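In the numbering used here, the protein residues as written are 2 to 145.
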């Protein structure tokens with residue numbers, strides 16, 4: 002499962018289209034703000050007792066309620082989610098966002114291309130790496 006944290010419906014649709022175009026069949030859960038993402042990940046609020054563990058989090062930075070950097074900070078501060086792969090997927094061109102994202106433990110930082118063909122290719126590579134090639138940490142299992 003992919004957790005897409007994105008408040009812009011157009012960017013959500015674009016991401017879903019790019020995933021489909023690349024035959025990435027994984028379930029996509031969408032959180033439309035940072036607070037909802039945290040509730041989904043930690044099983045709070047409307048998702049009480051239903052915490053999810055996605056294979057990868059695609060995290061926008063400019064979010065309502067709780068911004069993406071704070072979401073990342075809380076993911077890394079929690080023992081259960083600290084190893085969760087988090088890819089920042091943003092239109093931000095600000096160097097401080099790039100530096101802060103990596104400083105807080107982002108696994109990758111991708112600027113959303115404006116061109117759809119470039120975006121499709123970026124999502125293809127992202128899916129190939131994070132969902133096929135990458136060996137994730139053993140969530141929910143004792144370490145060997």
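Ideal placement from N, C-alpha and C gives every residue a C-beta, glycine not left out.
In this text the structure is predicted, and so the values were computed from the model without any measurement.
Worksheet item: Can residue 1 and residue 67 be called in contact, C-beta distance under 7 Å?
Response: For residue 1 there is no data in the structure shown, the boundaries of the chain being 2 and 145.
Worksheet item: Got a sec, what are the start and stop residues for the alpha helix (DSSP H) residue 82 sits in?
Response: Per DSSP, residue 82 belongs to no alpha helix (DSSP H) and is neither H nor E.
Worksheet entry | First and last residue of the uninterrupted alpha helix (DSSP H) at residue 74 | 69–78 is the span of the alpha helix (DSSP H), which, as asked, contains residue 74.
Worksheet item: So is residue 42 in contact with chain B if we call contact Cβ pairs under 7 Å?
Response: Note that chain B does not occur in the displayed structure, where there is just one protein chain.
Discussion item. Is the separation between the beta-carbon of residue 91 and that of residue 42 shorter than 7 Å?
Written reply: With contacts defined by Cβ atoms closer than 7 Å, residue 91 and residue 42 do not form a contacting pair.
Worksheet item: How about the stretch 15–26 and the stretch 60–76: do they share at least three Cβ pairs that are nearer than 8 Å?
Response: Flag = no, the stretch 15–26 and the stretch 60–76 do not touch.
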